Amino acid sequence: MEYRRFGRTDWNVSEIGYGMWGLAGWTGSDQDEVGQSLDRSVELGCNFFDTAWGYGAGKSEEILGNVLKKYAQKRLYFATKIPPKNFTWPSKSHFLLEDCFPASHIIEYTEKSLKNLEVDCIDLQQFHVWEDAWANNDDWKEAVTKLKQEGKVKNFGISVNRWEPNNVLETLKTGLIDTVQVIYNIFDQNPEDELFPLCKKLDIGVIARVPFDEGTLTGLLTKETTFPADDWRSTYFVPENLIPSVEHADALKPLVPEGMTMPEMALRFILGNDDVHTIIPGMRKIRHVEANIGTSDGKKLDENLRLKLKSHRWDRTPTEWSQ
1 MEYRRFGRTD
11 WNVSEIGYGM
21 WGLAGWTGSD
31 QDEVGQSLDR
41 SVELGCNFFD
51 TAWGYGAGKS
61 EEILGNVLKK
71 YAQKRLYFAT
81 KIPPKNFTWP
91 SKSHFLLEDC
101 FPASHIIEYT
111 EKSLKNLEVD
121 CIDLQQFHVW
131 EDAWANNDDW
141 KEAVTKLKQE
151 GKVKNFGISV
161 NRWEPNNVLE
171 TLKTGLIDTV
181 QVIYNIFDQN
191 PEDELFPLCK
201 KLDIGVIARV
211 PFDEGTLTGL
221 LTKETTFPAD
231 DWRSTYFVPE
241 NLIPSVEHAD
251 ALKPLVPEGM
261 TMPEMALRFI
271 LGNDDVHTII
281 PGMRKIRHVE
291 ANIGTSDGKK
301 LDENLRLKLK
311 SHRWDRTPTE
321 WSQ
């Protein structure tokens with residue numbers, strides 16, 4: 001495993017972190033195997049874990065809390081997220097701060113996360129949605145400052161809404177936000193335009209989420225793929241999304257080098273960008289942990305291939321199904 005400096009937190013985090021959304025809201029999780037997968041990730045050098053209260057109403061946080069206790073002798077960095085008060089993902093431009101993150105709510109859910117994780121201080125607390133129009137509202141600033149001063153949160157971050165990487169730029173300039181979590185992959189390259197340069201200038205840590213485009217970049221989806229009704233993907237991969245997603249993925253298949261899988265190519269594309277400090281694929285199976293962590297070996301994609309992948313940028317805008 002290779003490590004990168006995580007912006008001004010000054011942590012050295014593993015290039016491949018662990019996204020824990022898949023432990024709630026997705027079908028096909030075997031809890032015994034999930035536990036084994038988490039163990040294997042630590043064994044292989046993963047030291048960054050990302051969860052949220054919204055992943056099973058605290059269930060994922062509790063699972064992570066058990067991991068932190070089990071490996072108390074290791075320095076594992078952990079991040080969670082405060083759900084918006086109106087429990088609406090993503091936020092909408094007309095939402096007010098008081099709809100989502102009044103100070104009392106920020107403090108209440110930080111306390112809930114502390115309890116679920118069984119810790120005294122959270123390494124990284126993140127806002128699970130955001131609108132840049134809230135940048136200069138003092139309410140959230142006061143809550144952030146209070147929690148830091150009380151020693152309950154070390155760093156604060158923002159998880160940016162899907163396909164809205166610029167909906168945070170003014171907030172970053174307040175100096176109160178230490179990290180950003182954003183969708184970045186072969187298709188979603190638009191964080192490179194404005195977000196990444198600003199993060200570099202301000203020394204803000206960058207977490208790349210959704211490296212496989214919710215599964216599209218595994219190359220396993222077809223136009224006939226369906227998901228159970230209780231699986232989040234059933235509302236995301238509606239026909240108007242599934243069909244073009246499969247078509248974009250199929251266009252990449254001829255580019256996958258011999259001896260490499262499409263998921264490996266997808267991760268190596270992201271690792272080729274030094275502005276990204278850690279990637280958080282969801283991993284529920286040991287073989288996924290081993291394959292994903294195996295890409296953190298310091299080897300870069302062939303430059304000609306990287307340039308070809310750059311041409312597969314797919315700019316999209318939020319719709320009612322793109323939560």
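One point on numbering: in full-length UniProt numbering, the residue at position 44 of the sequence shown is 44, and numbering is uninterrupted. All C-beta atoms, glycine included, are put in the ideal place defined by N, C-alpha and C. Since we're looking at a predicted model, the values are computed, not measured.
Are the Cβ atoms of residue i and residue j separated by less than 9 angstroms?
i, j, result
"E33", "R284", "yes"
"Q125", "K81", "yes"
"G175", "L117", "no"
"I183", "V160", "yes"
"N47", "Y3", "yes"
"K74", "E131", "no"
"A208", "I279", "yes"
"W314", "V238", "no"
"F269", "N185", "yes"
"G219", "V256", "yes"
"residue 341", "C100", "Given that the chain is displayed from residue 1 to residue 323, the structure contains no residue 341 and the question cannot be resolved."
"L195", "N166", "yes"
"G7", "D123", "no"
"F212", "P254", "no"
"L242", "T225", "yes"
"W140", "R316", "no"
"P263", "L301", "no"
"Q149", "K310", "no"
"D274", "C199", "no"
"T145", "I158", "no"
"F87", "V67", "no"
Determine whether the Cβ of residue i lies closer than 9 angstroms to any Cβ atom of chain D.
i, result
"K308", "Here chain D cannot be found, since the structure has a single protein chain."
Count the other C-beta atoms from every protein chain shown that fall within 10 angstroms of the C-beta of residue i, then say buried if there are 16 or more, exposed otherwise.
i, result
"A251", "exposed"
"G151", "exposed"
"A266", "buried"
"A229", "exposed"
"residue 324", "A query on residue 324 cannot be resolved here, the shown segment of the chain reaching from 1 to 323 and no further."
"T319", "exposed"
"E303", "exposed"
"H94", "exposed"
"A79", "buried"
"P197", "exposed"
"G58", "buried"
"S234", "exposed"
"T222", "exposed"
"G17", "buried"
Taking DSSP as the reference, what is the three-state secondary structure of residue i?
i, result
"T222", "coil"
"N12", "strand"
"G65", "helix"
"T88", "coil"
"D50", "strand"
"T80", "strand"
"G58", "coil"
"G19", "strand"
"R4", "strand"
"R209", "strand"
"H288", "helix"
"G294", "coil"
"D302", "coil"
"Q323", "coil"
"T317", "coil"
"K74", "coil"
"S37", "helix"
"G45", "coil"
"L217", "helix"
"L96", "coil"
Just confirm the distance between the C-beta atoms of residue i and residue j, as a whole number of angstroms; I'd bet it's less than 8 angstroms.
i, j, result
"R40", "E290", "7 angstroms"
"I107", "L44", "Not a contact, Cβ separation roughly 36 angstroms."
"W134", "L97", "4 angstroms"
"E61", "S113", "6 angstroms"
"T51", "M20", "4 angstroms"
"I286", "S37", "5 angstroms"
"V206", "H277", "5 angstroms"
"F187", "H288", "Contact flag wrong, Cβ pair sits at about 20 angstroms."
Tell me whether residue i counts as near the ligand NAD, meaning its Cβ is closer than 8 angstroms to at least one heavy atom of that ligand.
i, result
"V238", "Among the components modelled here there is no ligand, and therefore nothing to report on the ligand NAD."
My parser needs the alpha helix (DSSP H) runs of 4 or more residues fully inside the region 103-136; what are they? Taking only runs of at least 4 residues, the alpha helix (DSSP H) segments lying wholly in the region 103-136 are 103-117.
Just to confirm the assignment: which complete beta strand (DSSP E) runs, minimum length 3, are found wholly within the region 125-207?
153-159, 179-183
Return the chain-ordered ranges of every alpha helix (DSSP H) run that is complete within the region 226-281 and spans a minimum of 4 residues. For the region 226-281, whole alpha helix (DSSP H) runs of length 4 or above, ordered along the chain, are 233-236, 239-252, 262-271.
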